[in-house]
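Chemist: Numbering-wise, my numbering comes out as the position in the sequence shown, counting from 1, plus 6.
Note that the Cβ used here is the ideal one computed from N, Cα and C, for glycine as well.
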Amino acid sequence: MLAEQDFHRDLLPGVYKMALTREQQIAALEKDWAENPRWKNVTRTYSAADVVRLRGSVQPEQTFARLGADKLWDLVTQGAKPSFRPDKDFVNCMGALTGGQAVQQVKAGIQAIYLSGWQVAADNNSAESMYPDQSLYPVDSVPTVVKRINNSFRRA
Numbered sequence: 007m008l009a010e011q012d013f014h015r016d017l018l019p020g021v022y023k024m025a026l027t028r029e030q031q032i033a034a035l036e037k038d039w040a041e042n043p044r045w046k047n048v049t050r051t052y053s054a055a056d057v058v059r060l061r062g063s064v065q066p067e068q069t070f071a072r073l074g075a076d077k078l079w080d081l082v083t084q085g086a087k088p089s090f091r092p093d094k095d096f097v098n099c100m101g102a103l104t105g106g107q108a109v110q111q112v113k114a115g116i117q118a119i120y121l122s123g124w125q126v127a128a129d130n131n132s133a134e135s136m137y138p139d140q141s142l143y144p145v146d147s148v149p150t151v152v153k154r155i156n157n158s159f160r161r162a
C-alpha cells in the first residue's frame, strides 16, 4: 500500500501513478488540492477529474525540477535559514549563467539560484547572438542553459 504522504503531495513517480485507477488518481489529486498548503487560496475552473482525463497515461518525473521547486517552496514558506545576515529572514538568491557559477554560489552559501531571461538573451542563447530582453531568442535557449547548470550540480 502506498504511504499517505505520497498521496498528500501527489509526488508519486509516474510508474506508480499508472498503477492507480482513474478514480484513485482523482481522489489523490483532490486530497492534495484540499490539504496541501501549496494550493491554499488557489481557485480552479476545472476539476481533478478534468486533469486526470486530459493528462497523458505516462507522467514523466522531472526529479531535479520537483526537488528544486520543493526546496524553494520550503524556503519561502517556512523561512530561510539565515546565512549572510542572521538578523534577517530572507532567501539569499543570485543569478547564474553557467554551471560553474551555480556550483560556486551554492558552495558560498547562496540558498537559491535563478536564470535570468535577459542574461540568456544577451550572452547564452542557442543562436549565439545578442538579443534585447524581449524573449526573441530561440525557444530552446533557456532549457539548454538549465540543463547545463543541472549537469554541473550532478557532477559537483
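Give every residue of the same chain whose Cβ lies closer than 7 Å to the Cβ of Val58, excluding the five residues on either side of it in the sequence, and list them in chain order.
Modeler: Taking the first residue of the sequence shown as 1, we reach residue 58 at position 52. Contacts found: Arg28, Gln31, Ile32, Leu35.
Chemist: Keeping to the same chain, check which residues put their C-beta closer than 7 Å to that of Val152; ignore five residues upstream and five downstream.
Modeler: In the sequence shown, counting from the first residue as 1, residue 152 sits at position 146. Leu121.
Chemist: Is the beta carbon of Ser132 sitting closer than 8 Å to the one on Thr104?
Modeler: Start at 1 with the first residue of the sequence shown, and residue 132 comes out as number 126. Start at 1 with the first residue of the sequence shown, and residue 104 comes out as number 98. No, the Cβ-Cβ distance between Ser132 and Thr104 is not below 8 Å.
Chemist: Write down the C-beta distance between Met102 and Ala108 rounded to the nearest angstrom, noting that I regard them as a contact closer than 8 Å.
Modeler: As a position in the sequence shown, residue 102 is number 96, starting the count at 1. As a position in the sequence shown, residue 108 is number 102, starting the count at 1. For clarity, residue 102 is Ala in the given sequence; the question names Met instead. Going by Cβ atoms, the distance from Ala102 to Ala108 rounds to 4 Å, so yes, they are a contact pair.
Chemist: Check whether the Cβ atoms of Ala118 and Leu78 lie closer than 8 Å to each other.
Modeler: Position 112 of the sequence shown holds residue 118. Position 72 of the sequence shown holds residue 78. Cβ atoms of Ala118 and Leu78: closer than 8 Å.
Chemist: In chain order, what residues of the same chain have a beta carbon less than 8 Å from the beta carbon of Gln111, not counting five sequence neighbours either side?
Modeler: Within the sequence shown, residue 111 is the residue found at index 105, counting from 1. Here the set comprises Met100, Ala102, Ile119.
Chemist: Please report the straight-line C-alpha distance between Ala128 and Ala71, rounded to a whole angstrom.
Modeler: Locating residue 128 in the sequence shown gives position 122, where the first residue counts as 1. Locating residue 71 in the sequence shown gives position 65, where the first residue counts as 1. Those two C-alpha atoms are separated by around 25 Å.
Chemist: By the three-class DSSP mapping on this structure, what secondary structure does Gly101 have?
Modeler: The count along the sequence shown starts at 1 and reaches residue 101 at position 95. If DSSP states are grouped into helix, strand and coil, Gly101 belongs with the strands.
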